[in-house]
Amino acid sequence: MSFLSFPVLLLASFLAGSIPSAWIAVRLLKGQNISELGSGNPGATNVFRVAGWKAALPVFLVDFMKGFLPVFLASSGMLPRFWNLSSSTVALAAGTASVLGHVFSPWMRFRGGKGVATGAGMFTALSPPSAIVCALVFSAVLGLSRRMSLASLSAAVALPVSLFVLPRMLGETPDYAVFVFGSAISLGVFLRHRGNISKLIQGLEAPLF
């Protein structure tokens, strides 16, 4: 395997993650720039607000798969070995590169989305049980509060907790590398939601429905 193969994989994952699906969808449907509409965030939630669920659903699915596919391909052993790295290490690196591409998309002047859907795809491939816990927490909080940001933040809290607790409940040792990366992604979600957190505290965050 070429010395450059692993960096090429990371670059490919980053570029795949950087595809501005929200911008493309709104441009095609409305002829407008998503960054100039609603909250200005190029993500599925803002697409839902400005263009409806029929536009938001495919945007979410594309963003989800941007995180899921690189991790799935790496962890399934379908990709060749890189530098004698384990498949889990390659999967973590590829997934993280995709999330970073989504958040810092060069096509959006490095002002991409908040990484929730892409991160969800990444950890669905890495740890399906934790993904289920996060999905349940997300759904419950969204149903009760109707605030997408609060639901996303709650799921971000649940992610590292579930990555650490669930294996222990099964008598297994947690994968500490996955736990650390999960904690880092969760922290990133909180940082990307700083404005939403301020609005939540002030009671100004608009409900999704």
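Numbering (the UniProt record's numbering) for the sequence shown: 1 to 209. The beta carbon of each residue, even a glycine, is placed where N, CA and C say it ideally should be. As the structure is a computational prediction, the values presented were derived from the model and not from experiment.
Query	Result
So, with DSSP's three-state summary, where would you put T173?	coil
Rounded to whole angstroms, what is the Cα-Cα separation between L204 and G67?	31 Å
At what residues does the alpha helix (DSSP H) containing A206 begin and finish?	That residue, A206, is in no alpha helix (DSSP H); it is neither H nor E in DSSP.
Would you call the stretch 106-121 in contact with the stretch 57-72, where contact means no fewer than 3 C-beta pairs closer than 8 Å?	yes
Can you tell which of N41, P174, A97 has its C-alpha closest to the C-alpha of I185?	A97
What distance in whole Å lies between the Cβ atoms of C134 and A155, which are believed to be in contact at a cut-off of 8 Å?	4 Å
How many Å lie between I19 and E36 at the Cα?	18 Å
Is F190 closer than 7 Å to P174 when the C-beta atoms are compared?	no
So, under 8 Å CB-CB, H102 and G38 are touching, yes? Tell me the CB distance rounded to an integer number of Å.	H102 to G38, Cβ: 18 Å. No contact.
Just the C-alpha distance for G43 and G112, rounded to the nearest angstrom, thanks.	8 Å
CB-CB under 7 Å to L29, same chain, minus the five flanking residues each way: which ones, in chain order?	A51, A55
Where does S198 fall in DSSP's three states?	helix
I'd like to check one pair, P207 with G182: are the Cβ atoms closer than 7 Å?	no
I want to check one thing, is the minimum distance from the CB of A56 to the heavy atoms of the ligand ATP below 6 Å?	With respect to the ligand ATP, the structure offers nothing, as it holds no ligand at all.
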